[in-house]
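Numbering (this note's numbering), first residue to last: 17 to 381. Note that beta-carbon positions come from the ideal geometry of N, C-alpha and C, so glycine has one too. Below is one structure, written out as structure tokens; comments come after it.
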Ligand SMILES: Cc1cc2nc3c(=O)[nH]c(=O)nc-3n(C[C@H](O)[C@H](O)[C@H](O)COP(=O)(O)OP(=O)(O)OC[C@H]3O[C@@H](n4cnc5c(N)ncnc54)[C@H](O)[C@@H]3O)c2cc1C
């Protein structure tokens, strides 16, 4: 039986988990290479569904930047506009979110050690101590590598930037751009922060034979010339998102959670809602292990049984849009004709596609 917990990675998921464990009275230390918790926060976006946040009961008010009630999807010159009556998603400042999660963890009694990047050897040593070791160290996980977990087989390589003075068409709508020419197996996006500040980004599958930056330049040149004509770029950032899950997430006293486990939506790359949901499951399993000696393997079974179906539905949708990009324009036309845009604006819940399908059938029957 192990008596305390070491978490590698003070990203959103590691910090959230640390807070939960400390609240349960478990001695918890989190390590991160960053010297400032907000460092590199802008490499990722912060769009979260209100329904997902509601299910988690998270207070996000301190980090709120904007609210979204619509999305416009562009495929081969066709557009599908979905506009809801109320805001369905929020845009959060990732630096402020990290700060607030760190404050919660520290207030609950967790020890957060910044400026300490752990190498494979140090992690291997930790694994031999009488502790639970958690890899919350993101997409390219050193913990997973040190413990010998099988690798993740698909990633999205991203490139994003923020522009001040951009032409924002609708400050409450995000726009998604699908194209085989510049967004292999993923998409480009714009997300408004205000009437004049716009985030622009693009992802491509790691199987594409090009860099995310060159694909991003093609995307911006082809689709956003007019929008960014008077915009001033405030910063550019490259990053990586896993879009496949690890086959195993527990081995001995080592657990993986969040991006390190591949707990993201393969459709959009969103990982916060599922990662935090899985961190809740991890917290319960680790607490039961430390206090009552229950097996850590319960975590693996529990998160897969609760969230596995929803994540698989995202895989199916991702496979649909990446393989049928050419005919997706036709799909958008059909969707509009069938009123799918109205259905999505009312019932769409991308963090729980199984719930959305249930609502669809309940209404249809
Ligand atoms: C461009 C982009 C856009 C995104 N947009 C969204 C979105 O809109 N909504 C959403 O929900 N999700 C989004 N995501 C995904 C989301 O950012 C991730 O799912 C989430 O950050 C995962 O959190 P994490 O804590 O698991 O990992 P991370 O946030 O990657 O944190 C891992 C931490 O571990 C630290 N670390 C790594 N290795 C070591 C080591 N050896 N020693 C010590 N510390 C280490 C790192 O410094 C880092 O702080 C996006 C991602 C990207 C790249």
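Residue i: which of the options sits nearest, CA to CA?
i, options, result
"residue 367", "317, 63 and 277", "63"
"residue 107", "124, 82 and 101", "82"
"residue 178", "201, 130, 246 and 123", "246"
"residue 204", "233, 210, 225 and 184", "233"
"residue 150", "40, 282, 330 and 44", "44"
"residue 333", "304, 240, 201 and 298", "201"
"residue 134", "46, 303, 52 and 318", "46"
"residue 123", "224, 38, 52 and 223", "38"
"residue 130", "186, 52, 137 and 105", "52"
"residue 185", "196, 210, 169 and 170", "210"
I want to check one thing, is the minimum distance from the CB of residue i to the heavy atoms of ligand 1 below 8 Å?
i, result
"residue 154", "yes"
"residue 276", "yes"
"residue 60", "yes"
"residue 81", "no"
"residue 323", "no"
"residue 176", "yes"
"residue 273", "yes"
"residue 287", "yes"
"residue 24", "yes"
"residue 262", "no"
"residue 280", "yes"
"residue 64", "yes"
"residue 29", "yes"
Are residue i and residue j close, meaning C-beta to C-beta below 9 Å?
i, j, result
"residue 235", "residue 218", "yes"
"residue 338", "residue 221", "yes"
"residue 27", "residue 48", "yes"
"residue 293", "residue 72", "yes"
"residue 110", "residue 58", "yes"
"residue 33", "residue 277", "no"
"residue 173", "residue 60", "no"
"residue 146", "residue 18", "yes"
"residue 155", "residue 258", "yes"
"residue 42", "residue 274", "no"
"residue 442", "residue 239", "Past the boundaries of the shown model lies residue 442; the chain is included only from 17 to 381, so the question cannot be answered."
"residue 312", "residue 282", "no"
Could you tell me how far apart the beta carbons of residue i and residue j are, in whole angstroms, since I believe they sit closer than 8 Å?
i, j, result
"residue 87", "residue 189", "6 Å"
"residue 231", "residue 198", "5 Å"
"residue 248", "residue 180", "5 Å"
Leaving out five residues on either side along the sequence, give the residues of the same chain with a beta carbon under 6 Å from the beta carbon of residue i.
i, result
"residue 252", "177"
"residue 314", "301"
"residue 159", "24, 139, 151 and 153"
"residue 15", "It is not possible to answer for residue 15, since the shown part of the chain is limited to 17 through 381."
Cutting at 7 Å between CB atoms, please list the residues of its own chain near residue i, excluding the five before and the five after it.
i, result
"residue 165", "262, 264, 267 and 272"
"residue 381", "Reliability of the predicted coordinates at residue 381 is poor, the pLDDT of 43 falling under 50, and the value obtained from them is presented with this limitation in mind. Nothing listed; no residue qualifies."
"residue 163", "143, 267 and 270"
Confirm the yes/no value for this check: CB of residue i, any heavy atom of ligand 2, distance under 8 Å.
i, result
"residue 225", "Absent from the structure shown: ligand 2. Ligands present: ligand 1."
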